[in-house]
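Engineer:
Residue numbers (our numbering), protein chains in the order written: chain Y, 1 to 324; chain E, 1 to 280.
#1: Judging by CA-CA distance, which residue of Y:291, Y:181, Y:188, Y:166 is the nearest neighbour of residue 240 of chain Y?
#2: Listing by chain order, which chain E residues have their CB less than 7 Å from the CB of residue 67 of chain Y?
#3: Quick one: which chain Y residues come within Cβ less than 9 Å of residue 137 of chain E?
#4: Does any residue of chain E have a CB that is nearer than 8 Å to the CB of residue 77 of chain Y?
#5: If we call anything under 8 Å between Cβ atoms a contact, is residue 185 of chain E one with residue 108 of chain E?
#6: Can you give the Cα-Cα distance for residue 23 of chain E and residue 158 of chain E, rounded to whole angstroms?
#7: With a cut-off of 8 Å on the beta carbons, I'd call residue 105 of chain E and residue 30 of chain E a contact; round off their distance for me.
#8: Can you give the Cα-Cα distance for residue 115 of chain Y and residue 29 of chain Y, rounded to whole angstroms?
#9: Which class does residue 110 of chain Y belong to by DSSP, given the choice of helix, strand or coil?
#10: Just the Cα atoms here: how many angstroms apart are residue 202 of chain Y and residue 235 of chain Y?
#11: Using 8 Å as the threshold, is the C-beta distance between residue 117 of chain E and residue 79 of chain E below it?
#12: Based on the DSSP output, what are the partners of residue 238 of chain E in its beta bridges?
#13: In whole angstroms, what separates the C-alpha of residue 323 of chain Y from that of residue 304 of chain Y?
#14: Along the region 111-132 of chain E, where does the CB come closer than 7 Å to a CB of chain Y? Name the residues.
#15: Whole angstroms is fine: what's the gap from residue 261 of chain E's alpha carbon to residue 225 of chain E's?
#16: Can you tell which of Y:45, Y:122, Y:275 has its C-alpha closest to the C-alpha of residue 74 of chain Y?
#17: Is there at least one Cβ from chain E nearer than 8 Å to residue 103 of chain Y's Cβ?
#18: Checking 8 Å against the spacing of the C-beta atoms, do residue 125 of chain Y and residue 270 of chain Y come in under that value?
#19: When the distance is taken between beta carbons, is residue 181 of chain E closer than 8 Å to residue 247 of chain E?
#20: Could you tell me if residue 261 of chain Y is buried or exposed, where buried requires 16 or more neighbouring beta carbons within 10 angstroms of its beta carbon?
#21: With a 10 Å radius around its C-beta and 16 neighbouring C-beta atoms as the bar for buried, classify residue 264 of chain E as buried or exposed.
#22: To the nearest angstrom, how far is the alpha carbon of residue 58 of chain E from that of residue 299 of chain Y?
#23: Leaving out five residues on either side along the sequence, give the residues of the same chain with a beta carbon under 7 Å from the beta carbon of residue 182 of chain Y.
#24: Name the chain E residues whose beta carbon is nearer than 8 Å to that of residue 92 of chain Y?
#25: Within the same chain, show all residues whose beta-carbon is closer than 7 Å to that of residue 24 of chain Y, passing over the 5 residues directly before and after it, in chain order.
#26: Given residue 32 of chain E, which residues of its chain have a CB within under 7 Å of its CB, disregarding the five upstream and five downstream residues?
#27: Nearest to residue 281 of chain Y by CA position, among Y:100, Y:113, Y:249, is which residue?
#28: I'd like the span of the beta strand (DSSP E) that includes residue 265 of chain Y, first residue to last.
#29: Using the beta-carbon of each residue, which ones in chain Y are nearer than 8 Å to residue 134 of chain E?
#30: Would you kindly report the start and end of the unbroken beta strand (DSSP E) that includes residue 68 of chain E?
#31: Indicate whether the contact test is met: 3 or more Cβ pairs, each with one atom in the region 58-66 of chain Y and one in the region 96-109 of chain Y, closer than 8 Å.
#32: Rounded to whole angstroms, what's the CA-CA distance from residue 110 of chain E to residue 240 of chain E? Just pull it up for me.
#33: Do you know offhand how far residue 109 of chain Y's Cα is from residue 225 of chain Y's?
#34: Can a CB atom of chain Y be found closer than 8 Å to the CB of residue 42 of chain E?
#35: Does the pairing of the region 34-42 of chain Y with the region 170-182 of chain Y give three or more beta-carbon distances under 8 Å?
#36: Would you say residue 112 of chain Y reaches chain E, if we count a Cβ-Cβ gap shorter than 8 Å as a contact?
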């Protein structure tokens, strides 16, 4: 591997000056989208300051609907707006969007295949101090089980903005998972997001790490640490959990025969589950899943929680070293 | 829209409702399962909507200026299918495929499978939220279309209904007309025994709605309420229609067990005779 590429990667992952929470990127992207597309309407369930839809509300008050603390009604109303030809973006915390309103997403939105974009913030343990009741660790599993929905977990602000533009163009239900905490900018400047396409930073000979969300930057750090130990680790950002980029998974499995998945989500039913389902049937290789282990989250500082729940670059490195 | 005042027009609607009931019972018997009681209790209301009140084009189901109907009580699917078939959305012969494998006439309505169904329903309590969304969208586009949403009375035990009731009032959705099929029965028994829903008018009033209380089997009262509701401004309207479960056939009327039972062949014969359709 060329040292120039290594340096670039290091610079990107350490460049916290460009760090932005994906929810902040969402708030900015929505306003830009609202200017370009009159059909875009936004709904929130009394969390617009936190989900950052308040920016859209300020810019386009007539196209913003605060639904109060009623997520189920918000999903149904979004469905109705889509049937009237609008492109509704419905936002609240991931735990409420995916859990409280799951039946509305199933029965009203997915069964009728309505053009609703559910953009949920505050996913995962990096919610921090609010604790387990507010930390969605099973939302990807809940959403992924629904027929016809697209599930996206962007890795940084740059990618989030592209995701928001892409889902507005796509016809059908979409779930986008965003975080509260700032994340370093990891995606290259010439990156172009596409639904169903993953991004390979590097395909490794010894192991390939398939990551989404905030775990992409951790995976890139792990790759550098492993490189110093002479291990060639690949990193793939898999922002779309459904539909998966199957081609890249086959390529990675063929290259290394050992796959590690990394996500800020339960190891049950999320990215790790999806990758395992696909590879076990199509190109069986050893897979290790990094994520939360059949447990609820807890209160604390996001960085401390990531250590407590085993979601750091060091944890990825340890998992890979112990396999061998 | 011309107001119906002449008695022959009311007679026309009554006759259509009779035919609707006959078709419902035939299709349910052929299916061998389905919801008889609640399809019959709302038959007069839905007949008035499809044959009189709603602006719609069966040959152009997605016509943008149409009024919308949401069957929130999705288990009354046979009633919706009959109204759609008899107004020309699809051939009447399709009715005999109700609940059969591969049929677009699913046990509960599926908008992906059948033209004229605005949205899939079946999980109770969700229709009014959808109606609100449609109403908000129509208002943004300055369209004068109205949205009708039919709910069961047992259905309003679902909390989401009251979230939606708040929303319609908060956003002054006067282009919405909700209708509660108040037959006072649900699958496990009388509503008052299973979970008290009274007092209905006071509840809706407290949520900011304009109330109409009518006899849901009196065609003149139905038509008048639908016409009057259109004149109410800055607040949503709800028609609380007192009905009888299984209305129109003596052996089904007021019988809670026919909530989810289809007629047997013998029962169908009795029913058709009572509805003046024997031999057909």
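Using N, Cα and C, we set each Cβ at its ideal position, and we do this for glycine too.
Structural biologist: Concretely, from the data shown:
#1: Y:166
#2: 167
#3: The contacting residues are 41, 80, 81, 82, 83, 84, 85, 86, 88.
#4: yes
#5: No, the Cβ-Cβ distance between residue 185 of chain E and residue 108 of chain E is not below 8 Å.
#6: 30 Å
#7: Not a contact, Cβ separation roughly 11 Å.
#8: 18 Å
#9: helix
#10: 5 Å
#11: no
#12: E:178, E:211
#13: 25 Å
#14: 111, 112, 118, 119, 120, 122, 123, 126, 129, 130, 131, 132
#15: 31 Å
#16: Y:45
#17: yes
#18: no
#19: no
#20: It is buried - the Cβ of residue 261 of chain Y has at least 16 other Cβ atoms within 10 Å.
#21: Residue 264 of chain E should be labelled exposed.
#22: Looking at the backbone, the Cα of residue 58 of chain E and that of residue 299 of chain Y are separated by about 57 Å.
#23: 19, 20, 21
#24: In chain order: nothing, as chain E lies at least about 13 Å away.
#25: 52, 157
#26: 262
#27: Y:249
#28: 258-266
#29: 80, 81, 83, 84
#30: Note, residue 68 of chain E: beta strand (DSSP E), 68-71.
#31: Taking 8 Å as the limit for Cβ pairs, the verdict is that the region 96-109 of chain Y does not touch the region 58-66 of chain Y.
#32: The alpha-carbon separation between residue 110 of chain E and residue 240 of chain E amounts to approximately 26 Å.
#33: Computed Cα separation, rounded: 44 Å.
#34: no
#35: no
#36: yes
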